[in-house]
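Here the structure is laid out as structure tokens; the discussion comes afterwards.
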Amino acid sequence: METLLGLKPYFYYKYIKKGIRGLRFLRIAILLFVGLSSVVNVKEGEYKVVRQFGDVIKIHEDPGLKFKIPLVQEVSSLSKKKRVYDVDQKEITTLDKKRMIIDNYAIWSISNPESMISNARTTANAEARMGEFIFSIVRTELGKMNFSDIISEESSRGELNEKITSRVNEFLSRDNYGIVVDDVRIKRSDLPEANENAVFNQMITDRNKEAQKYLSEGEAEKIRDISEVDREVKEMLSTARANAEKIRAEGEQQAAQIYNDSFSQDQEFYQLYRTLESYKRTIDGETTIILPKDSPYAQLLLGYFE
Numbered sequence: 001m002e003t004l005l006g007l008k009p010y011f012y013y014k015y016i017k018k019g020i021r022g023l024r025f026l027r028i029a030i031l032l033f034v035g036l037s038s039v040v041n042v043k044e045g046e047y048k049v050v051r052q053f054g055d056v057i058k059i060h061e062d063p064g065l066k067f068k069i070p071l072v073q074e075v076s077s078l079s080k081k082k083r084v085y086d087v088d089q090k091e092i093t094t095l096d097k098k099r100m101i102i103d104n105y106a107i108w109s110i111s112n113p114e115s116m117i118s119n120a121r122t123t124a125n126a127e128a129r130m131g132e133f134i135f136s137i138v139r140t141e142l143g144k145m146n147f148s149d150i151i152s153e154e155s156s157r158g159e160l161n162e163k164i165t166s167r168v169n170e171f172l173s174r175d176n177y178g179i180v181v182d183d184v185r186i187k188r189s190d191l192p193e194a195n196e197n198a199v200f201n202q203m204i205t206d207r208n209k210e211a212q213k214y215l216s217e218g219e220a221e222k223i224r225d226i227s228e229v230d231r232e233v234k235e236m237l238s239t240a241r242a243n244a245e246k247i248r249a250e251g252e253q254q255a256a257q258i259y260n261d262s263f264s265q266d267q268e269f270y271q272l273y274r275t276l277e278s279y280k281r282t283i284d285g286e287t288t289i290i291l292p293k294d295s296p297y298a299q300l301l302l303g304y305f306e
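Sequential numbering from 1 applies to the sequence shown in my numbering.
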């Protein structure tokens, strides 16, 4: 007896069994594929965006295993980590009409993936829009400053960076781009090659003028200080001399008073004292004098030797 395929029953059943076994393996493979394709592994530090026919229907933020419909839904990843974006170098004009090349960078991250996808579509578009905001704000802020202040005031650079960062976030929040900027910094501020030497020469000239001004003011201040000190010294010396003369006069007056008080009590002693003082002023060791007998000197000497 033969089957419809012209095979004997033994061979017919053998091929049927192989076909059934193959179908079972195919079914298992399909189930495995469907099962694995429906699992979404959300890792730490990333968002998983689920799209269906191009539309975002779900965003997974928490780590763990999630599920999707195989073949119908597709999944992409967005990083939660901070990113560094180098803003293209641009030329700005300072308050004193100097041209400068400014190079910035920004540290940013995705804060709302749904808004970012809806309004920017891609991270590249978000960075491009952020770069436009940064340049616009940097141009405005540095346009309020002189060239010398920009390159010399390092202490205020941090405050300027904070102001730029805050303004950029205001613009991004206003347009609901779903990203946040943590920091905007000016990496480098250079002059265009065409006017670099001219600007630096002008800066040197300005600094020399300023230095000469300070030197002149310092010299004038020095002269004023010396004059003031001389005047004070003269006043102090004059006051000291006046006080000394006053003290000397008071001393002589007191001495004369003491002499008068003493001599008024003993007229003979006073006469003797005056004679001795006159002798001391008149006669030295080599003087020869002739005295009459009634001279006070002679009387004193004769009285002494007697």
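Note that the Cβ used here is the ideal one computed from N, Cα and C, for glycine as well.
Note that the structure is predicted; figures quoted are calculated from it, not measured.
Who are the near neighbours of residue i in its chain, counting only those whose CB is closer than 6 Å to its CB and skipping five residues on each side?
i, result
"isoleucine 290", "none"
"arginine 157", "none"
"leucine 7", "With a pLDDT of only 48 at leucine 7, under 50, the local geometry of the prediction cannot be trusted, and no value is derived from it."
"glutamine 89", "Ile101 and Asp103"
The alpha helix (DSSP H) with residue i in it runs from where to where?
i, result
"alanine 128", "123–142"
"glycine 158", "157–174"
"isoleucine 117", "113–119"
Identify which residue in the options has its Cα closest to the Cα of residue i.
i, options, result
"threonine 312", "Thr94, Ala120, Ala242 and Ala128", "Because the chain is modelled from 1 through 306, residue 312 falls outside the range shown and cannot be assessed."
"serine 109", "Arg83, Lys66, Lys98 and Ile258", "Arg83"
"glutamine 52", "Lys66, Val72, Ala242 and Glu252", "Val72"
"proline 113", "Ile247, Lys58 and Leu142", "Lys58"
"isoleucine 204", "Thr123, Ser148, Val42 and Val233", "Ser148"
"threonine 165", "Gly178, Arg157, Asp182 and Ile150", "Asp182"
"leucine 191", "Asn161, Tyr259, Ile102 and Ala244", "Ile102"
"tyrosine 47", "His60, Asp55, Val56 and Gly54", "His60"
"aspartate 55", "Gly45, Val75 and Glu250", "Val75"
"asparagine 260", "Arg274, Gln212 and Ile247", "Arg274"
"asparagine 309", "Leu172, Leu237 and Glu159", "The structure shown has nothing for residue 309, since the chain only spans 1 to 306."
Using a threshold of 8 Å, state whether the C-beta atoms of residue i and residue j are closer than that.
i, j, result
"tyrosine 85", "glutamate 132", "no"
"alanine 106", "methionine 145", "no"
"serine 189", "methionine 116", "no"
"asparagine 119", "asparagine 201", "no"
"valine 42", "lysine 80", "no"
"isoleucine 92", "glycine 143", "yes"
"isoleucine 179", "serine 77", "no"
"lysine 68", "valine 49", "no"
"proline 63", "serine 38", "no"
In the DSSP assignment, the beta strand (DSSP E) including residue i goes from what residue to what residue?
i, result
"serine 79", "73–79"
"methionine 100", "99–110"
"glutamine 52", "46–52"
"asparagine 41", "39–42"
"glutamate 91", "90–93"
"glycine 64", "64–67"
"tyrosine 85", "83–86"
"isoleucine 59", "55–60"
"aspartate 183", "179–190"
On the premise that residue j lies in contact with residue i, defined as a C-beta separation below 8 Å, what is that separation, rounded to the nearest angstrom?
i, j, result
"valine 168", "isoleucine 137", "6 Å"
"isoleucine 151", "asparagine 104", "Contact doesn't hold; Cβ gap of about 15 Å is too wide."
"valine 184", "asparagine 161", "6 Å"
What does a CB cutoff of less than 7 Å around residue i pick up in its chain, not counting 5 residues either side in sequence?
i, result
"aspartate 225", "none"
"aspartate 294", "none"
"aspartate 96", "Asn146 and Phe147"
"glutamate 170", "none"
With a threshold of 8 Å on Cβ separation, who are the neighbours of residue i within its own chain once the five nearest residues in sequence on each side are excluded?
i, result
"aspartate 206", "Ser148"
"glutamate 44", "Pro63"
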